[in-house]
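Q:
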Amino acid sequence: METKMLRWTAGVTRLDRVRNDTIRQRFGVAPISEKLREARLRWYGHVLRANDDTVCKIGLNLVVPGKRPRGRPKQRWLDTLRLDLEMAAILGSGLTLGPKCKGKDPRTFEWFSQAEIELICGVDRVDTDSERKANFKALEEKCKKDPKFFASLSAPEIALLCPDAVDDNGVVKFAPEKKGVRQKH
Numbered sequence: 018m019e020t021k022m023l024r025w026t027a028g029v030t031r032l033d034r035v036r037n038d039t040i041r042q043r044f045g046v047a048p049i050s051e052k053l054r055e056a057r058l059r060w061y062g063h064v065l066r067a068n069d070d071t072v073c074k075i076g077l078n079l080v081v082p083g084k085r086p087r088g089r090p091k092q093r094w095l096d097t098l099r100l101d102l103e104m105a106a107i108l109g110s111g112l113t114l115g116p117k118c119k120g121k122d123p124r125t126f127e128w129f130s131q132a133e134i135e136l137i138c139g140v141d142r143v144d145t146d147s148e149r150k151a152n153f154k155a156l157e158e159k160c161k162k163d164p165k166f167f168a169s170l171s172a173p174e175i176a177l178l179c180p181d182a183v184d185d186n187g188v189v190k191f192a193p194e195k196k197g198v199r200q201k202h
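Add 17 to a position in the sequence shown, counting from 1, and you land on the number used in our numbering.
(1) Is there contact between the region 38-57 and the region 87-103, where contact requires at least three CB pairs shorter than 8 Å?
(2) Based on Cα-Cα distance, which residue from Ile75, Gly62, Arg66, Ala27 lies nearest to Ile40?
(3) Under a three-way DSSP split, which group does Val46 fall into?
(4) Quick one: is Leu58 buried, meaning 16 or more other Cβ sit within 10 Å of its Cβ, or exposed?
(5) When we look at the beta-carbon of Asp70 and count the other beta-carbons within 10 Å, is it buried (16 or more) or exposed?
(6) Answer yes or no: do Cys73 and Val64 have a C-beta to C-beta separation smaller than 8 Å?
(7) Does DSSP put Leu77 in a helix, a strand or coil?
(8) Apart from the five residues just before and just after Pro48, which ones in its own chain have a Cβ nearer than 8 Å to its Cβ?
(9) Measuring only the C-alpha atoms, how far is Trp25 from Arg31?
(10) Among Arg85, Tyr61, Gly88, Lys91, which one has its Cα closest to the Cα of Asn78?
(11) Which of the three DSSP states, helix, strand or coil, is assigned to Asp96?
(12) Using the C-alpha atoms, what's the distance from Phe44 back to Arg36?
(13) Tell me where the alpha helix (DSSP H) around Ala27 begins and ends.
Right under this line is the structure:
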């Protein structure tokens, strides 16, 4: 519907064989799906920063007792969020968004680490030196254990996750042990 209106405004028909991307670029309009993704990620960041006793946080962590109905499971908001995070390149090969099961109930979720929350929420600094050192150590260990995770991050993302990991020239201070994995810039 959105491109139909843009085509009508531009006076272009499908017979003219002009791509939708070209029409959007001409008007400077982003696709609606990207705007919805931005809104979902913004809301998720808001929920993560909220206190544990707020309605949105309680609803996010709610576990409903009982069995699910037969058939294919319906798509949940968290499933859509996982796809949004992958599309936004926030979830690399090493980052996961629950459900990491903590027991028998697969609906019990283990959420992001503090560094991953800071990346998602757009926090650009850590308040205390002890938190910075802890984040640096955790990120260094994770990158050394999983070279694919290290390769999936750019230097600005590493700087955002842990400011101590990147020097003033933008060079990452640590690298994985495995050879053949390069850091993209």
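By construction, the Cβ of each residue, glycine as well, lies at the ideal position given by its N, Cα and C atoms.
A: Taking the structure as given:
(1) yes
(2) By one-based count along the sequence shown, residue 40 stands at place 23. Ile40 has its Cα closest to that of Ala27, out of Ile75, Gly62, Arg66, Ala27.
(3) One-based indexing of the sequence shown puts residue 46 at position 29. Coil at Val46, not helix or strand.
(4) Counted from its first residue, the sequence shown places residue 58 at position 41. When all chains shown are included, Leu58 counts as buried.
(5) Position 53 of the sequence shown holds residue 70. Burial call: exposed.
(6) Here residue 73 is taken as the residue at index 56 of the sequence shown, counted from 1. Here residue 64 is taken as the residue at index 47 of the sequence shown, counted from 1. Result yes, Cβ atoms of Cys73 and Val64 sit closer than 8 Å.
(7) The residue labelled residue 77 in the question sits at position 60 within the sequence shown. Residue state, collapsed to three classes: helix.
(8) Locating residue 48 in the sequence shown gives position 31, where the first residue counts as 1. Cβ within range, chain order: Glu19, Arg41.
(9) Here residue 25 is taken as the residue at index 8 of the sequence shown, counted from 1. Here residue 31 is taken as the residue at index 14 of the sequence shown, counted from 1. If you take the alpha carbons of Trp25 and Arg31, they lie about 10 Å apart.
(10) Position 61 of the sequence shown holds residue 78. It is Tyr61.
(11) Residue mapping note: residue 96 aligns to position 79 of the sequence shown, counting from 1. The answer is helix: DSSP assigns Asp96 an H, G or I state.
(12) Here residue 36 corresponds to residue number 19 of the sequence shown, with the count starting at 1. Here residue 44 corresponds to residue number 27 of the sequence shown, with the count starting at 1. Near 13 Å, if we compare the C-alpha coordinates of Phe44 and Arg36.
(13) The residue given as residue 27 occupies position 10 in the sequence shown. 19-27 is the span of the alpha helix (DSSP H), which, as asked, contains Ala27.
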